[in-house]
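Report on the structure given below.
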Amino acid sequence: MSNDGNKGRGPIIRIRGLNKAYRSGPETVRVLRDVDLDVYSGDMIAVMGPSGTGKSTLLFILGLLLRPGSGSYSILGRDAFGLGRSGQAAFRRKCIGFVFQSCNLFERTTVYENLEFPLIYSGVKPRLRRGLIREALDRVGLSHRLRHPANQLSGGEQQRVAIARALVNRPSIILADEPTGQLDRANGQQVMEHFAGIVSSNKTAMIVVTHDPSVAAVCNRVYALENGRLTPEVDKGVPA
Amino acid sequence: MLKTRDLLRISVRQVVRQGKRTLGVALAIALGTAGLIAVATMGDEVKNNLNRDLDLLGGATVIRLGFEEEVHPGSRPQWFRSETVEAVRDLDGVDTASLATGDIDWLPVLWEDRFYAIPIQGVDEYYWHTMGLSALEGRLLDQQDLAARSRVCVMGLELAGNLFGDGAAVGRLFSIRRDLYEVVGVVGGLQIRDRARFAFLPLGTLLDRGEGCPLPDRLYVRCRTWDDVEPVAAAIPGLVAANQPDEYLRMDVAWGPLERIKTVVWWVELFIYLSIAATLVLGGFGIWSGMMTSVAARTREIGLKKAMGAEDMDIMKQFLAESLALGLGSAALGVGLARLVVAGLGSYLGSAPPWPVFNSYAGHCLWFSALLALAAGFYPALRASRMDVVTAIRYE
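These protein sequences, in sequence, are chains A and B.
Numbering-wise, the numbering used here puts 112 at position 112 of the first sequence, and it's gapless, one number per residue.
Positions in the second sequence are counted from 1; adding 1000 to them yields the numbering used here.
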């Protein structure tokens, strides 16, 4: 699962000296301290650590949903923090796909409509949408559920729909926050296998935040986040 | 950026799928809109009917004109000239005007070898409509009777009963002095009062009697609505003076009953409009409340959409569009309801509804509903658009 072949092409994401602190009453809690990270195309990176260590915060910063205290962040060669709100939103539309712990499918919508939203925001023409949606659903094996009400699917299927929704725009980076957190072992395993297949076939990079060693086991690089510091290259399969 | 077509499709779908949550609000706006359009469109028609009905009870829109020679002994008798009558009929706000004799003649009538002294008034063909009288049996005097100066007579209900018995008057012949007259009808109505004891002859027939005949010195003017009474009453003296001598002209207007009727109707109208306004305001509040609830319930959805790349303005537009879809959809339903109500009212009142007026009010109501919906949805939409994305995604 090494990714050395990509390193000659330069990272998709390069983070240097990232810091983030929160105020908690009179105290300031530093959740991220001088975090450095390079992510290459085809990388599948697990960030592990106990709850409350700032894993999700790191993911939100990587997804341009949260601003750090300091540090630099280049994404596909561009200074991500230099983008305005609108520019960051545009970047999310085109380059980033999110998968969250609870499936977060939209209520009272079908599978098709769930997958259509990212395409609508990206300005994809209606006649092109169906093909992209079907392609994304094919990857997770759910194209037969196209018109099914999303809330009537099983937990595993819902999470696969969420993955398809993250993929539908063909993003360069997939950010997943505990994507198997609410699934049983078998479904969790299946979801991670889908991710692995997508990353390897699609030249996409993926960063997954988890505390589940079996999730980390699927990834080619594993980091631990502890006391705000990202410890590189923890041995695979070893929980932090 | 959201395209308009997608925005509308998503918003309408969302409103429809919310179903029961929006049903109450939609009904309130629809009923308010329907009420407003129906009242505004058919208001004049209903008012005219109300005028007619109330006037039948009180005669408040009839202006009575005459000359007061009796209180000025020795003055020259006056009567209304045909030019005056025509000019009054042409006045704005005048429905009809009827010329009649004033001094009621008590003439000897011979029937079955007995003489009766009965009051007789000469009237024109407009008299019945002006005074709110209608034929109970037979017919009323018409233009032909007037033109031919026919020897025919219409009797008041009481007189006909006293002379001939109930239901037996039409076709009877009787004599006034030496001339034979035929009873062609029996008249009644809410305004008949003491005229129930009168016999009515064509005005020309009575005037032809020559010596001792009364003059056409009574002019009864029926106004279209009670709002017309004041301007018509103000215009009449000048009009009479312009066409003939107006010395001792007397004009009686039922100002007291008129004011009472206007006050009652004003209160009724106020109540109706306040009810409609309250319904629409409640509808607007319902939209605001519903949208606030929706924003709270869909916090995670908002966060997710922002994570997908939706901008603040996209979120704001979506909630405003949902509010607009709810408001406009409800108003459109109200317009449909109003159309049914107006058609029904038109049929009931026997008049053709003024559809151009309806269309105009329908258009205005749709605009108003759109504004109401946008105003009511603005704050919830703003709140949704300003929601912090991380807080929204983590919202439980």
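Beta carbons are placed, not taken as given, at the ideal position from N, Cα and C, and that holds for glycine.
How big is the Cα-Cα spacing for residue i and residue j?
| i | j | result |
| --- | --- | --- |
| R1076(B) | Y1361(B) | 57 angstroms |
| Q1014(B) | E1322(B) | 7 angstroms |
| L1157(B) | H1364(B) | 52 angstroms |
| T1041(B) | T1061(B) | 24 angstroms |
| G1161(B) | G1138(B) | 14 angstroms |
| I61(A) | Q1318(B) | 26 angstroms |
| V29(A) | G69(A) | 12 angstroms |
| L119(A) | I1302(B) | 16 angstroms |
| G1066(B) | G1074(B) | 17 angstroms |
| G131(A) | L146(A) | 12 angstroms |
| V215(A) | S41(A) | 19 angstroms |
| L1274(B) | F106(A) | 41 angstroms |
| A1384(B) | L1371(B) | 20 angstroms |
| T1101(B) | R1218(B) | 6 angstroms |
| R134(A) | E157(A) | 15 angstroms |
| A186(A) | A1375(B) | 51 angstroms |
| R221(A) | G10(A) | 17 angstroms |
| P1237(B) | A1097(B) | 15 angstroms |
| K55(A) | A164(A) | 23 angstroms |
| L1008(B) | L1002(B) | 10 angstroms |
| V47(A) | P179(A) | 12 angstroms |
| L37(A) | Y73(A) | 9 angstroms |
| R229(A) | M192(A) | 26 angstroms |
Between residue i and chain A, is there a C-beta pair that is closer than 8 angstroms?
| i | result |
| --- | --- |
| I1276(B) | no |
| V1389(B) | yes |
| R1021(B) | no |
| M1291(B) | no |
| R1017(B) | yes |
| L1008(B) | no |
| L1382(B) | no |
| L1374(B) | no |
| I1393(B) | yes |
| L1002(B) | yes |
Does at least one heavy atom of the ligand GDP sit under 7 angstroms from the Cβ of residue i?
| i | result |
| --- | --- |
| L1282(B) | Summarising the ligand content, the structure contains no ligands, and the ligand GDP is consequently not present. |
Assign residue i to buried or exposed, taking buried as 16 or more other Cβ atoms, counted over all protein chains shown, within 10 Å of its Cβ.
| i | result |
| --- | --- |
| I1335(B) | In the sequence as displayed, the identity of residue 1335(B) is Val instead of Ile. When all chains shown are included, V1335(B) counts as buried. |
| Y121(A) | buried |
| S200(A) | exposed |
| V1109(B) | buried |
| F1174(B) | buried |
| L1324(B) | buried |
| K1020(B) | exposed |
| Y22(A) | exposed |
| N104(A) | buried |
| A1277(B) | exposed |
| A1307(B) | buried |
| D1194(B) | exposed |
| F1115(B) | exposed |
Relative to the C-alpha of residue i, which candidate in the options has its C-alpha closest?
| i | options | result |
| --- | --- | --- |
| Q1018(B) | A1375(B), A1307(B), R1298(B) | R1298(B) |
| R129(A) | L167(A), I13(A), R92(A) | L167(A) |
| W1255(B) | Y1220(B), L1207(B), G1059(B) | G1059(B) |
| L1140(B) | R1005(B), A1242(B), V1187(B) | V1187(B) |
| V1357(B) | A1373(B), A1199(B), A1343(B), G1350(B) | A1343(B) |
| A162(A) | I75(A), H194(A), A186(A), L62(A) | H194(A) |
| T1130(B) | A1169(B), G1189(B), G1171(B) | G1189(B) |
| T1326(B) | I1029(B), R1005(B), F1080(B) | Correcting the residue type first, residue 1326(B) is Leu in the shown sequence and not Thr. Among I1029(B), R1005(B), F1080(B), the Cα nearest to that of L1326(B) belongs to I1029(B). |
| D1179(B) | D1166(B), I1192(B), S1150(B), F1198(B) | S1150(B) |
| V1025(B) | E1086(B), G1286(B), D1388(B) | G1286(B) |
| P149(A) | D34(A), R170(A), N114(A) | N114(A) |
| E1182(B) | G1204(B), G1093(B), V1152(B) | V1152(B) |
| P1216(B) | L1203(B), V1240(B), V1253(B) | L1203(B) |
| T1004(B) | P126(A), L225(A), T204(A), L83(A) | P126(A) |
So that I know if they touch, is there some Cβ in chain B lying closer than 8 angstroms to that of residue i?
| i | result |
| --- | --- |
| S51(A) | no |
| L66(A) | yes |
| N151(A) | no |
| S86(A) | yes |
| A46(A) | no |
| A89(A) | yes |
| I195(A) | First, the amino acid is wrong: residue 195(A) is Phe here, not Ile. By this cut-off, F195(A) is not an interface position. |
| F60(A) | yes |
| N104(A) | yes |
| R170(A) | no |
| G63(A) | yes |
| R92(A) | yes |
Quiz item: At a Cβ cut of 7 angstroms, what residues of the stretch 1299-1330 of chain B count as close to chain A, listed as they run along the chain?
Solution: R1300, E1301, L1304, K1305, A1307, M1308, G1309, A1310, E1311, D1314
Practice problem: Identify each residue in the stretch 112-137 of chain A for which the Cβ-Cβ distance to at least one residue of chain B is less than 9 angstroms, and report them in chain order. | Solution: E113, E116, F117, P118, I120, Y121, S122, G123, P126
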